[in-house]
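Inspection log for the structure reproduced underneath, given as structure tokens.
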Amino acid sequence: MSHENMNLTLKVWRQKNKDAKGNFETHQVKEVSPDMSFLEMFDVLNERLITEGKDPIAFDHDCREGICGMCSMFIDGRPHGPVKGVTTCQLHMRSFKDGDTVVVEPWRSAAFPVVKDLAVNRSAFDRIIAAGGFVSVNTGNSKDANNILIPKDEADDAFNAAACIGCGACVATCKNGSAMLFVSAKVSQLALLPQGQVERENRVLGMVAQMDEEGFGTCTVTGACEVECPKGISLENIARMNREYVAASAKKKD
Amino acid sequence: MSREHIFKSSLGKKLVMGITGLFLITFLLVHVGCNACIFANDGGVLFNEVAHFMAHNFFIRVMEVVLFAGIFTHAIQALLITLHNKKARPIAYAVTTNKNTKWYSRSMGILGSLLLIFFVVHWANFWVPTKIAVYTNQEHNTFEEMKTVFANPLFVGIYLVGVISLCYHLLHGFPSAFQTLGLNNKKYTPILKKAGAIYAVAVCTLFALMPITMYLGLIK
Ligand code: SF4
Ligand code: FES
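Chains as they are written, first to last, in my numbering: chain A, 503 to 756; chain B, 11 to 230.
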């Protein structure tokens, strides 16, 4: 790990639109500071492409602090790059060395079509949420926070599941293109809390049905998602979703 | 939504894999237990008694049908899931890593296919001749048959490849089945993983020792 600026070769996927046949484009990026984030390195490259009158590389980003889940880049074979527990925006160039060749691809999933270059359309996740990932709330006066007691370990599990930022890295890395880590995190965070009980059964049935309809694959428990998830969502959530699903199917009246 | 969704959905398909898988895991215990009788080294007396009982017991006959149904359901369901999963990732990555998964977890399809090929040989060696003997009311010495088959180094090789494939298939399949059926937490999962590894290695070592000891003439 050097503290000197470095020169890198980037191989980036370029694709005009959803239906275009993309290809890799090679760029030399010079004098990259080790303190830059991976996205800032792309900003520098894009500035140059713009001054050269070329089309800048499209990529998604928003918060740049690891909480929005937008910065989907598949870097050297891993979603969000080589460092565990970080998103691309939090990946720093000090994780690379001078002279490295870095290959950057979009998420590859039938359910996440490429919009342009590295940007993919992840609205399939939004439709899964709309199919049940919510709770009904009582309107009226706000209640005392201690009205509803929640055991500490359940609160912890719910909170850990709720850390999922919907980035799609789990789908991107899974050889089956399965979205089960994401869906199970969303099912779990609500199923564990008293507020989530009203829609508990319809939620898991609805979200799983939508997940299948979007064309995501089926989990074969390789565990890649758990390793690559920037928020450390665990496979325990998928097991919980499986339980929820069986119980909900058994209880369903029609 | 009707109730049949449970078998059509991705989760339902996995449930079928898990349930049939656990059933096959149970069967293997019975199978290895019966065959281990050759290690009594009594010229196959005990083994042939057990084999005769298994071939003529009504309950075991019924379970045999269930067993074949289980194997084929497991295989066909796996094929359907694999085809579906291929469609979910239509364009492959230029660069991928193998650091985040175990090779045998990624290769269950290949291991399973090897096992199916092995089963064809295995059934031709033992199951078919036993059936013919039972239906033509002939005496059948399965022990002698084992000795003949395992005198051939080619068969010994095929059986060893089959057993090694089985071992890795089980190493992934055993804990996975419980995960799919919803059992995974900090308390039980480490125990299940260990139990699965012990089970896979023990069963497969026993199976592997059968052709090896017979080939070497240690079992008479
Ligand atoms: S489970 Fe992890 S990898 Fe998947 S969408 Fe949520 S945060 Fe991203
Ligand atoms: S840009 Fe928001 S998580 Fe990376």
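Just so you know, even glycine gets a beta-carbon here, dropped at the ideal spot from N, CA and C. Here the structure is a predicted model, which is why all the values come from computation and not from measurement.
Around the Cβ of residue i, are there at least 16 other Cβ atoms within 10 angstroms (buried) or fewer (exposed)?
i, result
"residue 103(B)", "buried"
"residue 471(A)", "Residue 471(A) falls outside the range modelled here, since chain A spans only 503 to 756, and no answer is possible."
"residue 198(B)", "exposed"
"residue 672(A)", "buried"
"residue 159(B)", "buried"
"residue 563(A)", "buried"
"residue 75(B)", "exposed"
"residue 576(A)", "buried"
"residue 761(A)", "With chain A running from 503 to 756 in the structure shown, residue 761(A) is simply not present."
"residue 650(A)", "exposed"
"residue 638(A)", "exposed"
"residue 684(A)", "buried"
"residue 626(A)", "buried"
"residue 722(A)", "buried"
"residue 36(B)", "exposed"
"residue 97(B)", "exposed"
For a test of the three-state rule: what should DSSP assign to residue i, helix, strand or coil?
i, result
"residue 228(B)", "coil"
"residue 11(B)", "The predicted model places residue 11(B) with a pLDDT of 45, which falls under 50 and marks its position as unreliable, so this point remains unresolved."
"residue 203(B)", "helix"
"residue 571(A)", "coil"
"residue 590(A)", "helix"
"residue 140(B)", "helix"
"residue 611(A)", "strand"
"residue 718(A)", "coil"
"residue 146(B)", "coil"
"residue 19(B)", "coil"
"residue 513(A)", "strand"
"residue 7(B)", "The first residue shown for chain B is 11 and the last is 230, placing residue 7(B) beyond what the model contains."
"residue 539(A)", "strand"
"residue 705(A)", "helix"
"residue 744(A)", "helix"
"residue 505(A)", "coil"
"residue 699(A)", "coil"
"residue 577(A)", "strand"
"residue 534(A)", "strand"
"residue 548(A)", "helix"
"residue 161(B)", "coil"
Please tell me whether, using a cut-off of 7 Å, the distance from the CB of residue i to the nearest non-hydrogen atom of the ligand SF4 is below it.
i, result
"residue 571(A)", "yes"
"residue 732(A)", "yes"
"residue 500(A)", "Absent from the model: residue 500(A). The displayed extent of chain A is 503 to 756, so no value can be given."
"residue 671(A)", "yes"
"residue 614(A)", "no"
"residue 795(A)", "Because chain A here runs from 503 to 756, residue 795(A) falls outside it and cannot be looked at."
"residue 632(A)", "no"
Under 8 Å between the Cβ atoms of residue i and residue j?
i, j, result
"residue 541(A)", "residue 570(A)", "no"
"residue 732(A)", "residue 676(A)", "no"
"residue 716(A)", "residue 754(A)", "no"
"residue 620(A)", "residue 559(A)", "yes"
"residue 598(A)", "residue 606(A)", "no"
"residue 108(B)", "residue 738(A)", "no"
"residue 595(A)", "residue 536(A)", "yes"
Any heavy atom of the ligand FES inside 7 Å of the beta-carbon of residue i?
i, result
"residue 545(A)", "no"
"residue 578(A)", "no"
"residue 537(A)", "no"
"residue 563(A)", "yes"
"residue 22(B)", "no"
"residue 624(A)", "no"
"residue 568(A)", "yes"
"residue 559(A)", "no"
Roughly how many angstroms lie between the CA atoms of residue i and residue j, to the nearest whole one?
i, j, result
"residue 134(B)", "residue 120(B)", "22 Å"
"residue 719(A)", "residue 709(A)", "14 Å"
"residue 551(A)", "residue 106(B)", "28 Å"
"residue 154(B)", "residue 172(B)", "21 Å"
"residue 633(A)", "residue 686(A)", "13 Å"
"residue 162(B)", "residue 90(B)", "37 Å"
"residue 517(A)", "residue 34(B)", "47 Å"
"residue 724(A)", "residue 190(B)", "12 Å"
"residue 166(B)", "residue 72(B)", "30 Å"
"residue 42(B)", "residue 213(B)", "7 Å"
"residue 701(A)", "residue 602(A)", "50 Å"
"residue 590(A)", "residue 580(A)", "10 Å"
"residue 557(A)", "residue 118(B)", "44 Å"
"residue 146(B)", "residue 66(B)", "13 Å"
"residue 730(A)", "residue 68(B)", "51 Å"
"residue 241(B)", "residue 45(B)", "Residue 241(B) is absent from the model: chain B starts at 11 and stops at 230."
"residue 760(A)", "residue 662(A)", "It is not possible to answer for residue 760(A), since the shown part of chain A is limited to 503 through 756."
"residue 658(A)", "residue 745(A)", "19 Å"
"residue 741(A)", "residue 26(B)", "15 Å"
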